[in-house]
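Per our numbering, the sequence shown starts with residue 403, numbered consecutively.
Beta carbons are placed, not taken as given, at the ideal position from N, Cα and C, and that holds for glycine.
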Amino acid sequence: MSEPGLSVTVEPTVALPIAAKDVERTFEGATGDPIRVLRGIDLEVERGETVSIVGPSGAGKSTLLSIMGAMNAPTSGTFVVDEIDIYSLGSEQQADFRREFLGFIFQDFCLVPYLTVFENVMLPLTIVRKSRKQKQQMVESALSQVGLLEKAARLPNQISGGEKERVAIARAIVNEPPVLLADEPTGNLDSKTSADIMKLLQNLNSDGMTIIMVTHSEACAQYARRLMRVSDGKIVADQPLSGRYLAN
């Protein structure tokens, strides 16, 4: 990655160390009073880790994930990747960081209803400087990884909820980002489909991708190698997991 002030370049296959130091996030409440959502968060995530972040609603989990995604600047503190404070970069450089370094999975899939599965996965590549043939190959590879290549021509309303989540994952990994951020990726799915999605994420991690996931599901959280518990804007526990659910 470049020094601050220069364009951000991240090698797509390399996951870099991530660290937050004394991160605070305060919002203005309806009455104008400040609401502290994050209170002095310190964390480090090494390359190749799978981390689950759990906690009750309103604990600050999604806010923390959005800060890691360079979408929500902390009120104070630093978020550092490869020793560079991401929020010291300009908006264009932050956009470069998001495009080259991160993949995002959202709870509600965020698929464009009038685009096919193939076209939805192609979306992140629209501003990537590659030939159309290269982009098509990347989309086909991503859809193959999630087992949906044969449904590439279908619209979102023609596939199941679990398949929509797989499309969302394919879209997130099509540019081969080193880090995947997932916000409640199984929140709208039944238990069996959730387990299938978690095993897919495990496979991606086995291939070297760093995964940081926010979830309300204690069962899904157990698929990670490490668990952080957040309460009242603070990390109150950070522990390795037994690995009994890890893929062979």
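Could you check which residue in 520, 508, 433 has the C-alpha nearest to that of residue 551? When 520, 508, 433 are compared, the shortest CA-CA separation from residue 551 is found for 520.
Is residue 564 near residue 595, with beta carbons less than 8 Å apart? yes
Cβ contact (3+ pairs, closer than 8 Å) linking the region 579 to 588 and the region 535 to 554: no
The beta strand (DSSP E) enclosing residue 423, as first and last residue numbers: Per DSSP, the unbroken beta strand (DSSP E) holding residue 423 starts and ends at 420 to 430.
How do the region 620 to 635 and the region 452 to 469 stand: do at least 3 beta-carbon pairs fall below 8 Å, yes or no? yes
Whose C-beta lies closer than 6 Å to the C-beta of residue 600 among residues of the same chain, with five residues either side of it excluded? 622, 625
What distance in whole Å lies between the Cβ atoms of residue 637 and residue 445, which are believed to be in contact at a cut-off of 8 Å? 6 Å
Spell out the partners DSSP gives residue 454 in its beta bridges. Looking at the DSSP assignment, residue 454 forms a beta bridge with 615, 629.
For residue 472 versus residue 488, is the C-beta distance shorter than 8 Å? In terms of Cβ geometry, residue 472 and residue 488 form a close pair [threshold 8 Å].
If we ignore side chains and look at the alpha-carbon of each, how far apart do residue 479 and residue 568 end up? 35 Å
Could you tell me which residues DSSP puts in a beta bridge with residue 493? For residue 493, which the question treats as bridged, DSSP gives no partner whatsoever.
Please tell me whether residue 504 and residue 583 are closer than 8 Å, where the distance is taken between their beta carbons. By the CB criterion at 8 Å, residue 504 and residue 583 fall inside the cutoff.
Measure the C-alpha to C-alpha separation of residue 628 and residue 573 and round it to an integer number of angstroms. 25 Å
Measure the alpha-carbon distance for residue 476 versus residue 510 and round it to whole angstroms. 25 Å
Does the distance from the C-beta atom of residue 571 to that of residue 507 stay below 8 Å? yes
Please name the residue or residues paired with residue 481 in a DSSP beta bridge. 422
Starting from residue 574, trace the alpha helix (DSSP H) both ways and give me its first and last residue. Annotation for residue 574: the continuous alpha helix (DSSP H) segment containing it runs 563 to 575.
Reducing DSSP to helix, strand and coil, say where residue 641 ends up. strand
For residue 619, does the count of other Cβ atoms within 10 angstroms reach 16, so buried, or fall short, so exposed? buried
Taking buried to mean at least 16 other C-beta atoms within 10 Å of its own C-beta, is residue 427 buried or exposed? buried
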